[in-house]
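Everything below concerns the one structure shown next.
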Amino acid sequence: MALAEAVLRKVHKLGLVPKIVRLLPLMAAAMVIASIGSLMYLGVDGQYRNVYISENALMPSQVMSYFRESEWNIVRGYREEVSKLEDEDLLVRCAVVEGWFKKLGYVTSYYDDTLYAILHAPRGDDTEAMVLTVPWTISKSDDDEFNEGAIAIAVSMARYFKRMSIWSKNIIFTFPKDAQALRDWVEAYHTTLKDTAGSIDAAIVIEYGKNGDNFEYIEVDYEGLNGQLPNLDLINTLTNIAYNEGIHTSIQGTSGEELVKNTYGTRIRTLFYGLANLVLTGLKRKSGGCEAFSGWQIQAITIRAKGTKGPADVTQFGRLIDSTFRSVNNLLEKFHQSFFFYLMLSPKNFVSIGTYLPSAVLMALVFALSSLNRLIRDPKTVENISNNISNAIILYTCVVAYSFMVGELLPKAVLSDLVSAEVVPIYGMIFFLLVQIAMPSKLRTFQAPYAEFLHAIFLFHISMLIIALLIVHFALALFIALIALPLAFLSPVADNNTFKGYLLIFLANPFTVVFTIDKYIVPDGGIAYGLLTSYTKLQCWTWPLLIWGYFPAWLGIAFTHCLTGTTDPKK
Amino acid sequence: MGTKASLLPTVLVVGGLIRLLPLLFPLIPYQLSSVVEISTPINSYKSLQEAFYYLKHGINLYDGGINHHPPLLVVLLSYVPNFSIFYALVDVYISYSLVKLHRWYQEHNSIREKQQLVGLGDNLIAAFYLFNPLILLTCYSGSTLPLSFLFIVEALVQACIQQKGPRAVMMLSIAAYISYNPAFLIFPLLGLIHVSARKAAVNLKTPWNPIQEYIESSGIYIASLSLLFLCSFAVTAGTQFVDQCYWTVISLSKISPNIGLWWYLFTEMFEFFRTFYIGIFNIYGFIFLIPITWRLFERKDPSNIATGDSFLAFVLCFTWINYSKSYPVVGDLAQALLFLPFFYTTSLPHTRFVFVPFLVFFVALILAPIFYYCWIVLGNGNSNFFYSLNLVWGIGYALLLTNVLWGRLVKNYLNTNKVTPEKHSLIRLTQM
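First to last, the sequence lines map onto chains A and B.
Per the UniProt record's numbering, the first sequence runs over residues 1 to 571.
Per the UniProt record's numbering, the second sequence runs over residues 1 to 432.
Following this line, the structure appears as structure tokens:
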């Protein structure tokens with residue numbers, strides 16, 4: 001305490017407090033730079049770590065997989081039969097595959113038109129399961145490529161698994177027609193389905209299109225909904241097995257020469273693509289499929305075979321699955337606790353939460369400091385709080401209520417085809433801009449202290465929103481911080497009715513951001529539609545967080561801005 | 001002042017009406033009583049309903065170990081036709097009592113400070129209670145927490161306003177009977193009774209013996225507690241209720257996550273350490289109460305200088321108990337914070353950074369449900385996440401207690417050294 005006392009006395013003596021107050025905007029700006037700088041710095045040697053297997057029981061690549069050349073002809077035979085199904089109706093396809101599974105001795109069932117088959121483990125107590133999901137089409141192709149190879153591999157694996165006595169966890173095969181069907185199946189599995197096989201520990205979605213007998217490398221998707229990630233051990237296990245098979249692993253769409261490169265540039269690229277994908281998971285029209293398992297304590301990844309010429313052959317793809325399942329099968333407990341929060345820099349490098357969290361904390365501080373700055377910049381603001389507070393509470397409640405209404409109604413309108421999702425952001429952009437500009441000067445009655453106080457409240461709101469999301473959805477917290485940044489540097493008095501003021505507010509408008517992403521950053525990704533419907537369809541929280549969390553703050557600041565008096569009210 | 005006073009009935013009526021929300025949505029109490037921050041197994045609505053069922057079907061109230069409500073409370077509450085209306089009335093009564101207490105406090109201190117102190121408006125004091133979101137949630141959850149608070153507030157009213165010591169200790173004994181932890185508030189309450197009895201004796205110019213006052217009050221306290229226990233024994237024909245209602249709280253035998261400091265430590269503790277730490281934690285619950293009461297006691301000063309503040313002592317003790325109890329909920333914090341506006345004229349102007357604990361509480365309140373969700377539902381967090389916020393919560397309490405106490409000590413210093421208000425800002429006290 002004596003030290004704190006000495007410091008306080010010194011601070012008081014030097015008159016630091018007023019100096020710091022004057023420097024608040026500068027400090028906020030410095031923190032923005034520090035935040036982005038600290039993210040960029042993560043790619044520098046020494047900041048990131050090499051991946052390792054945290055759970056010793058997994059023991060990846062420690063067993064010999066027997067899914068080898070002997071299975072070649074079986075895979076090819078099934079592939080020949082599967083290729084005949086391409087033009088058939090979904091139910092016909094399912095019936096054929098179901099026939100194969102029944103012949104192999106599997107229990108088969110349907111949920112809607114999703115076929116699934118269960119292998120009850122010979123050595124297990126029937127309480128845990130692993131899932132192998134094979135969608136009928138490939139997600140990341142333009143023309144809905146038939147997932148021919150993966151289905152053939154899956155059936156061959158089913159035949160192979162059945163002959164082994166080592167399984168202590170049940171194995172479930174599912175054949176959904178798309179990501180939505182898979183999501184529905186997962187939910188039904190945990191709520192209504194009769195034929196189940198215990199709690200699911202891990203799930204692998206496989207995609208192997210018409211690549212033929214050979215492929216070049218594998219691509220792994222791992223982002224879940226609402227910022228969730230699968231346990232890093234699962235990804236590590238797969239990467240490790242692939243490495244021992246001599247197959248390159250690609251994450252975040254790295255391809256070609258980049259696969260073997262590990263430079264600052266590739267690491268930062270992977271990092272930012274990873275963050276962007278985490279924000280957009282559940283919103284994109286074409287998704288990896290693994291996010292369907294989010295929210296049920298299931299570790300899920302998608303493995304996709306890329307290229308047709310490469311060194312690897314089709315049975316190696318089977319071995320990847322086999323070995324990964326063998327590893328997960330070893331688990332006696334849950335996956336290790338510390339491996340859920342990470343950012344990947346390459347398949348072999350990651351940063352843990354303690355290292356990357358500060359950048360978002362700094363962003364939250366930017367808004368907290370800006371809020372403080374608005375509050376104490378002019379002594380009149382604090383003096384008038386007791387007069388203004390009840391009005392401020394009413395305004396705040398109205399803004400939040402309005403946002404809730406918008407957040408409820410817009411998805412309903414889109415889902416019932418009243419409006420097209422692409423139009424909504426354009427409408428939102430223009431409507432609010434027009435309302436602001438057209439606000440009659442008679443209504444511009446807010447005094448400067450009141451406007452400053454309101455700004456402080458709404459900036460504090462954003463700061464708290466970022467803090468709330470910090471751990472649970474880091475990428476979205478950072479994203480909201482970035483789109484809200486213009487508001488932190490907006491002054492209700494100095495920028496009132498200026499081009500700069502309108503521009504800053506326009507830039508921070510969530511609808512502007514959605515429009516930009518939908519039209520320019522991820523063109524034809526169906527982002528606007530995904531955003532508006534994903535809460536209803538997939539329980540993805542991005543829309544509620546944006547419209548119930550961030551939108552009220554934006555709306556509040558935008559309206560405070562256009563309602564603040566430009567002229568002296570006494571005249 | 002005139003217009004503000006007339007707002008009070010509106011505040012009371014609106015505050016009462018919004019408490020009737022569960023009439024429209026009857027599932028609210030059941031949902032809220034499963035939220036760990038709002039309700040605990042000890043005071044939850046669900047277990048009360050279970051107890052009613054046992055009572056109706058003639059089953060022993062404490063069979064199955066679900067019910068932790070004392071028997072007389074269960075019997076009396078079983079006559080309540082509608083809990084929403086009942087709790088609304090309880091809350092409105094509490095808020096009105098708080099308004100009266102606030103008026104008394106300002107008047108009492110105006111006399112001591114020899115200047116007219118103007119506190120906050122009645123409507124604000126009532127609104128702080130009735131529109132406090134944490135109090136509202138507690139009310140909606142149907143937990144029995146407001147009932148024991150009702151009797152604590154009533155004890156204060158009897159001790160301060162009515163100046164009836166015996167009635168005050170009786171009220172406190174009922175509060176203690178309902179939820180155990182307030183039992184230790186007897187120390188600061190005796191301090192308050194001492195002050196008001198002295199005042200009464202001075203006014204009436206009658207002789208008065210403080211020792212006798214203490215013995216009488218403690219005797220009545222113990223007697224009324226014993227009577228309640230005897231009645232409970234007679235009603236249930238057994239002593240099982242002692243084990244279920246009080247020993248569970250003392251020994252934390254029903255471990256479940258809450259916002260307190262206890263549960264996490266005792267979850268993984270070896271059995272042979274348990275007894276020792278149970279003892280330590282329980283002693284912590286009351287050991288600071290006597291020093292706080294003693295330090296802030298309103299001594300009879302020959303030169304008639306106002307030092308100490310027995311009411312503040314009571315509030316600080318109450319805050320400490322709410323912080324250190326084994327099954328705390330957010331309602332406990334809200335109840336302690338309610339009294340802060342009282343000190344707007346005395347202690348609060350001299351605190352240094354009283355908004356910091358509020359920020360701390362705010363952040364903890366936002367993150368606690370999220371971290372709990374990460375731990376229980378998503379499985380990507382663990383109990384450490386949630387407990388870290390309980391620690392943050394504790395920091396908030398510590399900052400709050402030290403701040404308010406500091407404010408009062410500064411006030412004492414200024415009073416004893418007769419510092420004029422103009423010179424207040426020139427003096428920078430850093431330690432006492």
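No residue lacks a Cβ here, since even glycine has one placed at the ideal position from N, Cα and C.
Of the listed residues the options, nearest to residue i (C-alpha basis)
i: residue 327 of chain B; options: B:163, B:61, B:137, B:68; result: B:68
i: residue 448 of chain B; options: A:227, A:263, A:435; result: Any property of residue 448 of chain B remains undetermined from this structure, which presents chain B solely from 1 to 432.
i: residue 300 of chain B; options: B:38, B:171, B:194, B:399; result: B:194
i: residue 303 of chain A; options: A:267, A:237, A:273, A:456; result: A:237
i: residue 185 of chain B; options: B:44, B:199, B:217, B:152; result: B:152
i: residue 379 of chain A; options: A:369, A:355, A:448; result: A:448
i: residue 106 of chain B; options: B:354, B:54, B:312; result: B:312
i: residue 564 of chain A; options: A:505, A:508, A:441; result: A:441
i: residue 472 of chain A; options: B:354, B:9, B:366, B:221; result: B:366
i: residue 313 of chain A; options: A:476, A:75, A:34; result: A:75
i: residue 403 of chain A; options: A:544, A:241, A:145; result: A:544
i: residue 198 of chain A; options: A:298, A:350, A:144; result: A:298
i: residue 15 of chain B; options: B:84, B:222, B:429; result: B:84
i: residue 211 of chain A; options: A:148, A:533, A:239; result: A:148
i: residue 588 of chain A; options: A:13, A:276, A:291; result: In the structure as shown, chain A starts at 1 and stops at 571, and residue 588 of chain A therefore has no counterpart that could be examined.
i: residue 252 of chain B; options: B:180, B:202, B:234, B:192; result: B:180
i: residue 118 of chain B; options: B:102, B:198, B:389; result: B:102
i: residue 23 of chain B; options: B:64, B:86, B:61; result: B:86
Contact belief for residue i with residue j at Cβ below 8 Å, rounded distance in angstroms
i: residue 130 of chain A; j: residue 202 of chain A; result: 5 Å
i: residue 290 of chain B; j: residue 187 of chain B; result: 5 Å
i: residue 218 of chain A; j: residue 247 of chain A; result: 6 Å
i: residue 41 of chain B; j: residue 256 of chain B; result: 6 Å
i: residue 574 of chain A; j: residue 136 of chain A; result: Examination of residue 574 of chain A is not possible in this model, given that chain A is present from 1 through 571 alone.
i: residue 128 of chain A; j: residue 169 of chain A; result: 4 Å
i: residue 350 of chain A; j: residue 433 of chain A; result: Not confirmed; about 42 Å, so no contact.
i: residue 308 of chain B; j: residue 316 of chain B; result: Contact flag wrong, Cβ pair sits at about 12 Å.
Own chain residues within Cβ distance below 7 Å of residue i, not counting five before or after
i: residue 570 of chain A; result: Reliability of the predicted coordinates at residue 570 of chain A is poor, the pLDDT of 42 falling under 50, and the value obtained from them is presented with this limitation in mind. Here the set comprises nothing.
i: residue 154 of chain B; result: 97, 171
i: residue 70 of chain B; result: 177, 178, 232, 241, 245
i: residue 104 of chain A; result: 158, 159, 162
i: residue 467 of chain A; result: 364
i: residue 332 of chain A; result: 57
Close-in-space but distant-in-sequence residues of the same chain around residue i (CB under 6 Å, 5 per side omitted)
i: residue 562 of chain A; result: 436, 439
i: residue 132 of chain B; result: 334
i: residue 17 of chain A; result: none
i: residue 400 of chain A; result: 552
i: residue 374 of chain A; result: 452, 455, 456
i: residue 482 of chain A; result: none
i: residue 2 of chain B; result: Summary for residue 2 of chain B: the model assigns pLDDT 45, below 50, so the residue's position carries little reliability, and this model does not support an answer.
i: residue 421 of chain B; result: none
Own chain partners of residue i with C-beta closer than 8 Å, once the 5 adjacent residues on each side are dropped
i: residue 284 of chain B; result: 324
i: residue 113 of chain A; result: 90, 91, 94, 177, 181
i: residue 383 of chain B; result: 257, 264, 267, 375
(request) Evaluate contact between the segment 327 to 344 of chain A and the segment 176 to 190 of chain A, counting only Cβ atoms and requiring at least three cross-stretch pairs below 8 Å. (result) no
(message) Within 8 Å, do at least three Cβ pairs link the segment 346 to 355 of chain B to the segment 399 to 410 of chain B?
(response) yes
(message) Closer than 8 Å is the cut-off here; do at least three beta carbon pairs connect the segment 221 to 238 of chain A with the segment 536 to 544 of chain A?
(response) yes
(request) Please determine if the segment 491 to 511 of chain A and the segment 383 to 392 of chain A are in contact, where contact requires at least 3 C-beta pairs separated by less than 8 Å. (result) no
(message) Quick check: the segment 15 to 30 of chain B against the segment 137 to 149 of chain B, are at least 3 beta-carbon pairs closer than 8 Å?
(response) yes
(request) Could you list the residues in the segment 121 to 139 of chain A with a C-beta less than 9 Å from some C-beta on chain B, going in chain order? (result) none
(message) Against chain B, which members of the segment 3 to 31 of chain A pass a CB distance test of less than 8 Å?
(response) 5, 8, 9, 12
(request) Could you name the residues of the segment 361 to 374 of chain B whose beta carbon sits closer than 9 Å to any beta carbon of chain A, in the order they occur along the chain? (result) 362, 363, 366, 367, 370, 371, 373, 374
(request) Please list the residues of the segment 374 to 385 of chain B that have a C-beta atom closer than 8 Å to any C-beta atom in chain A, keeping them in chain order. (result) 374, 377, 378, 379, 380, 381, 382, 385
(message) Assess contact between the segment 417 to 431 of chain A and the segment 496 to 515 of chain A, defined as three or more Cβ pairs (one per stretch) separated by less than 8 Å. Is contact present?
(response) yes
(request) Below 8 Å between beta carbons is the criterion; list the residues of the segment 396 to 428 of chain B that meet it against any residue of chain A, in chain order. (result) 428
(request) Report yes or no: do the segment 34 to 53 of chain A and the segment 352 to 370 of chain A share at least 3 C-beta pairs separated by less than 8 Å? (result) yes
(request) Could you run through the segment 280 to 304 of chain A and flag, in chain order, every residue whose CB is less than 8 Å away from some CB of chain B? (result) 295, 297
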